[in-house]
Amino acid sequence: MGGARRTAAGIDTAHGIDTAQCADTNHYLLVMTDAQSIAPAVAAGDLAAAQARVTQVAGLHASVASSDWASMPSVNATLLDRG
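What the sequence shown shows, in the numbering used here, is residues 11 to 93, in sequence order.
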């Protein structure tokens, strides 16, 4: 997801990917990596910002999100509905 811009509907405007269609229509597993690096980046130890980021990528239809937040196991263990 790096520097990609996404609309509320889940459209990746930098790459033309409709994450809602991938996940909801086509039932793909959508993996979003480096969740901590999506602008603005979330620093290790900022629990509230990390939880908000996980909620954000789940809202963009992520089935799985990876991050470098090893110091925040409660965030890494978060389960949310996507979309």
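Beta carbons: idealized from backbone N, C-alpha and C, even for Gly. None of these values were measured; they are calculated from a predicted model.
Measuring straight from C-alpha to C-alpha, what distance separates residue i and residue j?
i   : j   : result
R63 : G55 : 13 Å
S84 : V41 : 19 Å
G93 : Y38 : 13 Å
A49 : A59 : 12 Å
D91 : Q31 : 16 Å
A53 : S77 : 11 Å
A51 : A72 : 18 Å
G57 : N36 : In the sequence as displayed, the identity of residue 57 is Leu instead of Gly. Rounded to the nearest angstrom, the two C-alpha atoms are 33 Å apart.
S81 : D34 : 32 Å
I27 : D44 : 18 Å
T6  : W79 : Lying outside 11 to 93, the shown extent of the chain, residue 6 is not represented and no answer is given.
So for residue i, helix, strand or coil by DSSP?
i   : result
V67 : helix
D78 : coil
D34 : helix
V52 : coil
Please determine, among the options, the residue with the shortest C-alpha to C-alpha distance to residue i.
i   : options               : result
L89 : A59, Y38, G69 and S47 : G69
S47 : R92, Q66 and A30      : Q66
V74 : A51, Q31 and N86      : N86
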